[in-house]
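Count along the sequence shown from 1, add 8, and you get the number used in my numbering.
For reference, the structure discussed in these notes is given below.
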Amino acid sequence: MHDALLIDFANGGCHSCFGASALDSLSLNCHVFLLYGTHNQGNNHALEKFRDASEKVQVLDAVTLASGLYRFKQILDELDLSVIKVLTSAKGKELMLLYREQLFTAVYRFEFDVSAVEKCTCLEGPGHAPSWDSPGEKVRGEVAEFLRHLPGLKGEISVNRSTLIPDCFGHGFSSRTGGVSYLPSLSSLNLFCSAKRRDPRAVVEENRRRLALTAGFYPKTMHFPKVNHANQVWVMGKPEPDSYDGVVTDRSGVVLAAPSADCIPLLFADPVKRVIGATHAGWRGTVMGAAMATVNSMVREFGSDVKDILVAVGPSVGVCCYTMNRHQVQDFTKIHPDCVPDPESAQPHVNIRLANRYGPESHNGGVLPEHIHDHTVRDRPEVTPCTCCNPQKYFSHVRDGVNFGTQVGFIWIRETQQETVMNKGLR
Numbered sequence: 009m010h011d012a013l014l015i016d017f018a019n020g021g022c023h024s025c026f027g028a029s030a031l032d033s034l035s036l037n038c039h040v041f042l043l044y045g046t047h048n049q050g051n052n053h054a055l056e057k058f059r060d061a062s063e064k065v066q067v068l069d070a071v072t073l074a075s076g077l078y079r080f081k082q083i084l085d086e087l088d089l090s091v092i093k094v095l096t097s098a099k100g101k102e103l104m105l106l107y108r109e110q111l112f113t114a115v116y117r118f119e120f121d122v123s124a125v126e127k128c129t130c131l132e133g134p135g136h137a138p139s140w141d142s143p144g145e146k147v148r149g150e151v152a153e154f155l156r157h158l159p160g161l162k163g164e165i166s167v168n169r170s171t172l173i174p175d176c177f178g179h180g181f182s183s184r185t186g187g188v189s190y191l192p193s194l195s196s197l198n199l200f201c202s203a204k205r206r207d208p209r210a211v212v213e214e215n216r217r218r219l220a221l222t223a224g225f226y227p228k229t230m231h232f233p234k235v236n237h238a239n240q241v242w243v244m245g246k247p248e249p250d251s252y253d254g255v256v257t258d259r260s261g262v263v264l265a266a267p268s269a270d271c272i273p274l275l276f277a278d279p280v281k282r283v284i285g286a287t288h289a290g291w292r293g294t295v296m297g298a299a300m301a302t303v304n305s306m307v308r309e310f311g312s313d314v315k316d317i318l319v320a321v322g323p324s325v326g327v328c329c330y331t332m333n334r335h336q337v338q339d340f341t342k343i344h345p346d347c348v349p350d351p352e353s354a355q356p357h358v359n360i361r362l363a364n365r366y367g368p369e370s371h372n373g374g375v376l377p378e379h380i381h382d383h384t385v386r387d388r389p390e391v392t393p394c395t396c397c398n399p400q401k402y403f404s405h406v407r408d409g410v411n412f413g414t415q416v417g418f419i420w421i422r423e424t425q426q427e428t429v430m431n432k433g434l435r
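Right, dumping it as structure tokens:
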């Protein structure tokens, strides 16, 4: 059974043919939404018809379908609704599916009914449905343009940078401010779209675009790993694995991203060989040596000297806020006893950031201690705050639960002057 009914007057159909279905939904205590386009705005006939039947009728007057459906989604989220029936035309269904792909996720379940419009013979019927030559491109462009004009939420976009990484690399760690995501636990610069959450693809793409403008890179060049909470590293240029938590490359202009929401975003840079890496390290990846796997890939694939590699450790959950079951912490104690300060507790605290430091700087690792910028460093500006302790600045899975947002660490190799000249010549 649906809990919301969307009557699509914008893409064909009339008040008489939709009326019976709408009244049936009202009798089932369902919220009804009337979507009008520019050609039928101001027509209050349907609203007057349903006003006496229920107060759960809302009109969505839209300059564009993107704006109308975005408002529709906001109301659904406010009411915690997710099962929607749509009365529309066949052409309207085609368009609605395209808008659904951009503005909704798999959390929302849509059922389309075109039968009423197919039987309609009045002048307001299917003939009013718009016809576009390239509907997919049209919808994507309209949605992107609409989102581009939305105000940023929770303040301005801020990017934290490590003073350890030299200027031949662009890099940074994002926070949660300045984006357009409005749901409380995702607001506002959420940078990852999941089928299990309500932040859709187009909103996340707009957030990434805004971050890119602030940080100084082109958004289309940003590459995210296919996270599996393990230790596999993809060497860009080789066949891409089905899943991996780290990426390394020597290509300039490619932006490597490491997602984070308590897990650790690790950025690696070798200024001598001009090689970079970005790795997502959760507790499993930490135990499995994801950080060291990234270092080894840089050494093996690009000839980096481990003593030239610099590592910046981004915002992540601190030992103050992260606990595990006692039987789970033994692997961290093996890395170093200091990683578990209270091993006898029923829920010992675990310092996964320290575990990531001890791995690369160990005897087998070889990264110089002074080449790691993390929470233990006191003579540089902080880049590794606790995500859980800072709800105004960072997303946190530990704090927010399953509907958490995602920030990222990112790094790229800046083009040399010679590369810039060559690339301009190719354009």
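Heads up, the beta-carbon is just placed ideally off N, CA and C, and yes, glycines get one too.
Bear in mind that the values here come from a model prediction, so they are computed numbers and not experimental data.
Note on Leu-221: under 16 other CB atoms within 10 angstroms of its CB, so exposed under the neighbour-count rule. In the three-state DSSP reduction, Arg-117 falls in the strand class (E or B). Taking C-beta atoms as the reference points, Thr-395 and Val-385 fail to come closer than 9 Å. In terms of Cβ geometry, Lys-228 and Leu-197 do not form a close pair [threshold 9 Å]. Ranked by how close their Cα comes to the Cα of Gly-297, the residues Ser-404, Gln-240 and Thr-72 have Gln-240 in first place. Of all C-beta pairs linking the region 245-257 to the region 285-300, three or more are shorter than 8 Å, placing the two stretches in contact. With distances taken between CA atoms, Asp-141 lies nearest to Glu-102 out of Ile-360, Asp-16, Val-303 and Glu-102. Inter-residue distance for Phe-232 and Pro-208 is about 17 Å (C-alpha atoms, whole angstroms). At a Cβ-Cβ threshold of 9 Å, Leu-172 and Leu-318 count as neighbours. Counting C-beta pairs with one atom in each stretch, the region 263-270 and the region 397-406 have three or more that are closer than 8 Å, which means they touch.
Less than 9 Å separates the beta-carbon of Gly-160 from that of Gly-187. The beta carbon of Met-306 is closer than 7 Å to those of Val-256, Phe-276, Asp-278, Val-283, Gly-285, Ser-312 and Ile-317 in its chain, skipping five residues each way along the sequence. Judged by pairs of C-beta atoms under 8 Å, the region 145-156 touches the region 72-90, as three or more such pairs exist.
Judged by DSSP in its simplified three-state form, Tyr-330 adopts coil rather than helix or strand.
Contact annotation, Ile-92 with Arg-117: C-beta distance approximately 7 Å; criterion of less than 8 Å satisfied. If you draw a 10 Å sphere on the C-beta of Met-104, you find 16 or more other C-beta atoms in it, and that means buried. For Met-244, the closest alpha carbon among the candidates Asn-236, Ser-260 and His-237 is that of Ser-260. Nearest to Thr-287 by C-alpha distance, out of Pro-368, Leu-43, Pro-393 and Gly-409, is Pro-368.
By the neighbour-count criterion, in which 16 or more other beta carbons inside 10 Å mark a residue as buried, Met-9 falls on the exposed side. Rounded to the nearest whole angstrom, the C-alpha separation of Asp-350 and Asp-339 is 14 Å. For Ser-170, there is no enclosing beta strand (DSSP E), as DSSP marks it with neither H nor E.
Here DSSP, grouped into helix, strand and coil, assigns Ala-124 to helix.
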